[in-house]
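Peer 1: Residue numbers (the numbering used here), protein chains in the order written: chain D, -18 to 47; chain C, -18 to 47; chain S, -18 to 47; chain B, -18 to 47; chain U, 313 to 582; chain R, 313 to 582; chain F, 313 to 582; chain X, 313 to 582.
Idealized CB from N, CA, C, for every residue including glycine.
Remember, it's a predicted structure, so these values are computed and weren't measured experimentally.
In structure tokens:
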């Protein structure tokens, strides 16, 4: 199915979860946060949160800031 | 009847109008404005605007300002 | 004879006067001043002031200044 | 004899020395300097420096300074 | 010293640079407040010496208001009146005051003030923006007194205010322009006229405001409470015109070291 | 933009306050340097727009000097010439230059400059004091360009200089008045006129100089090298007059917080 | 406060003056931003030299984010992380970013930034107040980056922010504190800690912030983009401590003229 | 320079930057005057907290001089004494006073002061240069208190003074550095150490002096007359070290607008 991840179109398998997406994207990052369609997905819900076609996901990680 | 004019209690006759109140209060002032219960009373309505018990009236005139 | 005028060597005839030098140099300048060997030569003395070999002369004229 | 010490007239015995004057004046001060008639009297000369009538002496000691 | 009331317009240079505000064209870029003058005569002399064409006035309860004489003076001086909303602490009060002023003075121009602190008399940006929006929608020509926050200034301009009037320093403080950098940023961020309002203490403050790119200066206390209001009014007139001319003349760049103004070429060896 | 040459004197107020310098009385308190102007026509327009009555000139070797046209322009403007000693590094050179200038220009007035550093063109106080003393003894009306050291300024005044001319910043730097405190101290320490010389970059600098108590301002580069010399000249004229008027008007005191200019008494409850 | 005479290092004086922020007690009053450092090693050296206990971090898309090494460095330094909402232009974005940061970093502290202009990166007071209210209600410890408007600062404090963080000048500009008067007014108007954020360029800027009554200073660029970040970090540590001590020591009053520090009594006649 | 990561106190960074003055090497760049302290105990606490290694003292008539206890305190603190010539108005007096001080204190170091005005206590450059020349010829290590005139400063350096000590403002005024531009010019014009002397009021003033390129700071009143002399002494120690480190660190350039410290790349769309 077609979703948008970090601003770009991505093709995911049906039933793909946030947990799976994070595992696939966040190599080397421990503290990751996920926004789904403008809301926060708590880490505790990653496993049970399945993505749907057209979803917009942001997978974020720490960086330097002022 | 009892009304409040410029922050002080005032005793007016039944049927008193804004026009009458202005005439009584604004000696020496040409450009006067009147607020009745938080709204503006246009000069054109002064004659036909009668006051009711408990009304709050502000009769204002020009002064120096920065 | 050899003199220095405005920082450059100049060959003048024996008996040359300051007046002559000024006339030759100051075309277009009305208010000119002359220094001879570090002193002022007043305009009134130009005619009678003859130059000697080795003299250092500065012929100056007005210009813009701050 | 009459001398001036630190701006005030003082009566000293004939033959009085700078050393004697310092001893008399500089109680509690270790590092003292003496000026006699506008010149410095080195510590090494205090003993042999006798005062004369009319001398002006300044006996100075350390104090706080900016 | 005195200024003759027939005092001519300071120079022909300024009239070549009209000031368009709220769709009207003014010759003078100095707006004068009337508060604080020691007497009506002093006020009239100051108004005339300043060359102002736009003066601020207020509304108060009739018992406390000055009698009609002040308006007679201002009418005689031929100046336009600009009512203010001084003393209002909320958008609601300010909007109502502006509407009352429209009734009293027959003008839809308003100097919008919504104060957020009684000691500093600094504006409250939230209430100010709310009031500005309502009054613009109601057809007023809104001249808002604001802080020197460039983002607030741009929001006011975007709402349709006829100008923005950032402060130099608190009202009546005479501290001048505390943050020239902010005024310069405001000048860059908005397209409407910028009028420096509040804080001016003396002539060089007003000149600096114009050099920073302001289109005009509004002041009251600096003139009305000066030892000689009329003299200070004339000073401010010169300062605003001088500052405006300097801004247009294109100043020399600042240099850490010197640059000779007299040519060194041809320097004699003496 | 242009300034009509018939431009009237900015206000009647200034003429009530004449400027006495070297025994002569001037209307204008602005002294203008002629160096740096892009053309003689630009110079003439600037001189006229500035309203100056006293302009500085220099002496150079005839080959390098501008032709007589400049003097014709200045004569036509009716201004008094003030020769300078720019470029001199010793008292001897400066004294000789002053005497040559007296010959050339027929005036015993001199703007005395003795430079102590080539990059900053700052004056050398030791050579300056020496030259000033010699020239005063020789009957000159000495106007010394000095730093902003109050003690040197007082020494110059004590020597009999007709005025002291402290700098605001290095010549041509346009940095304005780097040390207003020092200028205020000089004003307190000397009884002769104080003329702020060098450093002025724009109108507010000139106004500030006058507000600090200076009796006049001397500038060249700020006008002659501005993008529009004539416009800046008019700006400086206004600034000097405005600053002078402000100094006489008695400014309001500075306050940390605000003071309302609109009366709060009679404020309605809306 | 007292310093025992045997105390070899005056920094000891500062530890008697802890900094309470958001219910926690800190020894250091210097908050350090991590952005702009040339390398992780440079960052670590700067963090250690600064003595900071609280450093800001951000969230970005994983592809663009620095790898975990930065967090490892900060953990090793034992500092608390303070996530920011840099880049957000609306209250909605900022609130969501704060909640994401809470997930990622496991902290409910947030440096709240809501930018109103892309060039100056100045905060938008309206969106900022909106976001602050939502986050305070949601239990966050909110440290808002705001302009130097005292009224906005007080509104933020009244909403329950743990501190207010007014700017000295635009982020990364290095212009220092453009309006010390405004910072002093903010100090008077709010009871929560005031942390000077943005604009600091060098040590004296940081010292001045503390002397104005600020409780702390937050800076990033001034250290991370200095030629020698570690050296500047040490400089800032000294400056913040020195400024804090000076504020507590009670400075001498300013005097127009001099007051001798050496006694004149007993001056000899030489 | 480097800071070992285990270094707990960044003051360690300063010791890598010794201060060579008059052929001796100092760790501290803060010179402290002893005048004005409320008590000897307060003086000792301040001296220790300041970390100074060089303190000024004076000579007065024995009747008026403090008893020997002060010297005992200073000896106990292990600081070097620097006699001054405070109160002298002529070169002759100053030279004689320096020679008397050499006798009394057994040092040929002298802080040379020749005052030209009693109210401002500003130095007289002519007498100062005369005295400096005589004392240098007599083998003294001369540290002259001078104005901020760069040409005078260079003349003093050319005469062989071990340093130049320009003022920031009048002695005891607490006005800070009135003319940073002049101090920066002095730093450029002389090769000897520059020590900012007089005018310092608070920590940020001292930090600024060092950032302008000064090698040290001399102050008395700012510490001795502060409400808490010891606390202010510690503040000044930090400020001087912080300012020195900042000068060496290479500050960021000033920018009119902003530069983001948080990367914008990878900003999420929320």
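Take the Cβ of residue 18/C as the centre, count every other Cβ of all protein chains shown within 10 Å, and call the residue buried at 16 or more, exposed below.
Peer 2: The residue given as residue 18/C occupies position 37 in the second chain. The residue is exposed, with fewer than 16 neighbouring Cβ atoms inside 10 Å.
Peer 1: Please classify residue 569/X: is it buried, with 16 or more other beta-carbons within 10 angstroms of its beta-carbon, or exposed?
Peer 2: Residue numbering aside, residue 569/X sits at position 257 when the eighth chain is read from its first letter. So residue 569/X ends up on the buried side.
Peer 1: May I ask you to report which of helix, strand or coil DSSP gives residue 540/X?
Peer 2: What you label residue 540/X is simply residue 228 of the eighth chain in a count that begins at 1. DSSP places residue 540/X in coil when its eight states are reduced to three.
Peer 1: Going by the CB atoms, is the gap between residue 16/S and residue 412/R shorter than 9 Å?
Peer 2: As a working mapping, residue 412/R is identified with position 100 in the sixth chain. As a working mapping, residue 16/S is identified with position 35 in the third chain. Yes; because the gap between Cβ atoms is below 9 Å, this pair is in contact.
Peer 1: Looking at the secondary structure, which residues open and close the alpha helix (DSSP H) in which residue -17/C lies?
Peer 2: In the second chain, the residue the question calls residue -17/C occupies position 2. Not the alpha helix (DSSP H): residue -17/C falls in the beta strand (DSSP E), residues -17 to -14.
Peer 1: Find the residues of chain B that neighbour residue 574/F, judging by a C-beta separation of less than 9 Å, and give them in chain order.
Peer 2: Residue numbering aside, residue 574/F sits at position 262 when the seventh chain is read from its first letter. The contacting residues are 44, 45, 46 and 47.
Peer 1: Given that residue 355/F touches chain B, what residues does it touch there, using C-beta distances under 8 Å?
Peer 2: Working through the seventh chain from its first residue, we reach residue 355/F at position 43. By Cβ distance, chain B contributes nothing, its closest Cβ being about 44 Å from residue 355/F, past 8 Å.
Peer 1: In the DSSP assignment, what are the bridge partners of residue 507/R?
Peer 2: Position 195 of the sixth chain, counted from the start, is the residue given in the question as residue 507/R. Answer is 528/R.
Peer 1: Going along chain F, which residues have a C-beta under 8 Å from residue 456/U?
Peer 2: In the fifth chain, counting from the first residue as 1, residue 456/U sits at position 144. By Cβ distance, chain F contributes nothing, its closest Cβ being about 14 Å from residue 456/U, past 8 Å.
Peer 1: Label residue 7/S either buried or exposed according to how many other C-beta atoms from any shown protein chain fall within 10 Å of its C-beta, with 16 as the threshold for buried.
Peer 2: For the purposes of this step, residue 7/S is identified with residue 26 of the third chain, where counting begins at 1. Burial call: buried.
Peer 1: Measure the alpha-carbon distance for residue 20/D versus residue 428/F and round it to whole angstroms.
Peer 2: In the first chain, residue 20/D corresponds to position 39, counting from 1. In the seventh chain, residue 428/F corresponds to position 116, counting from 1. Rounded to whole angstroms, residue 20/D to residue 428/F spans 23 Å at the Cα level.
Peer 1: With a CB to CB cut of under 7 Å and the five nearest residues on each side skipped, what residues in its chain are close to residue 552/F?
Peer 2: As a working mapping, residue 552/F is identified with position 240 in the seventh chain. Answer for residue 552/F: 341, 342, 518, 522 and 529, listed in chain order.
Peer 1: At what residue ranges does the stretch 393 to 425 of chain R contain a whole run of the beta strand (DSSP E), taking only runs of 3 or more?
Peer 2: The stretch 393 to 425 of chain R contains these whole beta strand (DSSP E) runs: 421 to 424.
Peer 1: Would you kindly report the start and end of the unbroken beta strand (DSSP E) that includes residue 342/X?
Peer 2: On the eighth chain, residue 342/X is found 30 positions in, with the first residue counted as 1. Residue 342/X -> beta strand (DSSP E) spans 342 to 345.
Peer 1: Between 511/R, 557/R and 426/R, which has its C-alpha nearest residue 539/U's C-alpha?
Peer 2: One-based indexing of the fifth chain puts residue 539/U at position 227. Checking every option, the nearest Cα to that of residue 539/U belongs to 557/R.
Peer 1: What three-state label does DSSP hand residue 554/F in the structure shown?
Peer 2: As a position in the seventh chain, residue 554/F is number 242, starting the count at 1. It is helical.
Peer 1: Applying a beta-carbon distance threshold of less than 7 Å, which residues of chain X neighbour residue 514/F?
Peer 2: Counting from 1 along the seventh chain, the entry for residue 514/F is found at position 202. Here the neighbours are 523, 558 and 563.
Peer 1: May I ask you to list the residues that DSSP assigns as paired with residue 39/C?
Peer 2: Your numbering for residue 39/C matches position 58 in the second chain. Partner(s): 16/C.
Peer 1: Residue range of the alpha helix (DSSP H) that residue -11/S falls in?
Peer 2: What you label residue -11/S is simply residue 8 of the third chain in a count that begins at 1. Residue -11/S -> not in any alpha helix (DSSP H); beta strand (DSSP E) instead, spanning -11 to -8.
Peer 1: DSSP on residue 8/B, reduced to helix/strand/coil?
Peer 2: In the fourth chain, counting from the first residue as 1, residue 8/B sits at position 27. Residue 8/B falls in the coil class under three-state DSSP.
Peer 1: Relative to chain D, which residues along the stretch 525 to 553 of chain X have a C-beta separation below 9 Å, given in chain order?
Peer 2: Residues: none.
Peer 1: Any C-beta of chain U sitting closer than 9 Å to the C-beta of residue 497/F?
Peer 2: Within the seventh chain, the letter at position 185 stands for residue 497/F. It does; some Cβ of chain U falls within 9 Å.
Peer 1: If you measure beta-carbon to beta-carbon, which residues of the stretch 463 to 487 of chain R are closer than 8 Å to chain S?
Peer 2: Result list: 483 and 484.
Peer 1: Counting C-beta neighbours from all protein chains within 10 Å, is the total for residue 5/D 16 or more, i.e. buried, or is it exposed?
Peer 2: Here residue 5/D refers to the residue found at position 24 when the first chain is read from its first residue. Residue 5/D is exposed by the Cβ-count criterion.
Peer 1: When you check each C-beta in the stretch 0 to 14 of chain S against every C-beta of chain R, which residues fall closer than 9 Å?
Peer 2: If the cut-off is 9 Å between Cβ atoms, the stretch 0 to 14 of chain S has 3, 6, 7, 8, 9, 10, 11, 12, 13 and 14 near chain R.
Peer 1: Name the chain X residues that come within less than 9 Å of residue 580/R, Cβ to Cβ?
Peer 2: By one-based count along the sixth chain, residue 580/R stands at place 268. Result: empty, since nearest Cβ-Cβ is about 44 Å, beyond 9 Å.
Peer 1: Going by DSSP, which residues form a beta bridge with residue 427/F?
Peer 2: As a working note, residue 427/F is residue 115 in the seventh chain. 435/F.
Peer 1: Which residue from 450/X, 474/X, 487/X and 449/X puts its Cα closest to that of residue 457/X?
Peer 2: On the eighth chain, residue 457/X is found 145 positions in, with the first residue counted as 1. Ranking the options by Cα distance to residue 457/X, first place goes to 474/X.
Peer 1: Under a CB-based cut-off of 9 Å, is residue 368/R close to chain X?
Peer 2: Counting from 1 along the sixth chain, the entry for residue 368/R is found at position 56. No, because no Cβ of chain X sits closer than 9 Å to the Cβ of residue 368/R.
Peer 1: Thinking just about the alpha-carbon of each residue, which of 348/F, 354/F and 566/F is nearest to the one in residue 47/D?
Peer 2: Numbered from its first residue, the first chain carries residue 47/D at position 66. Per the Cα distances, 348/F.
Peer 1: Report back the beta-carbon spacing between residue 41/C and residue 580/R to the nearest angstrom; my notes put them in contact at under 8 Å.
Peer 2: As a working note, residue 41/C is residue 60 in the second chain. As a working note, residue 580/R is residue 268 in the sixth chain. Contact holds; Cβ gap of about 6 Å.
Peer 1: CA-CA distance, residue 525/X and residue 329/X?
Peer 2: In the eighth chain, residue 525/X corresponds to position 213, counting from 1. In the eighth chain, residue 329/X corresponds to position 17, counting from 1. Roughly 14 Å between the two C-alpha positions.
Peer 1: Interface residues of chain U around residue 494/F at Cβ under 8 Å?
Peer 2: Counted from its first residue, the seventh chain places residue 494/F at position 182. The answer, in chain order, is 490 and 491.
Peer 1: State the DSSP-derived secondary structure class of residue 22/C, mapped to helix, strand or coil.
Peer 2: Here residue 22/C is taken as the residue at index 41 of the second chain, counted from 1. DSSP places residue 22/C in strand when its eight states are reduced to three.
Peer 1: Identify the residues that DSSP records as bridge partners of residue 453/U: which are they?
Peer 2: Position 141 of the fifth chain, counting from 1, holds the residue named residue 453/U. 421/U, per the DSSP bridge assignment.
Peer 1: Is it right to say residue 332/X is buried, meaning 16 or more other beta carbons lie within 10 angstroms of its own, or is it exposed?
Peer 2: Position 20 of the eighth chain holds residue 332/X. Burial call: exposed.
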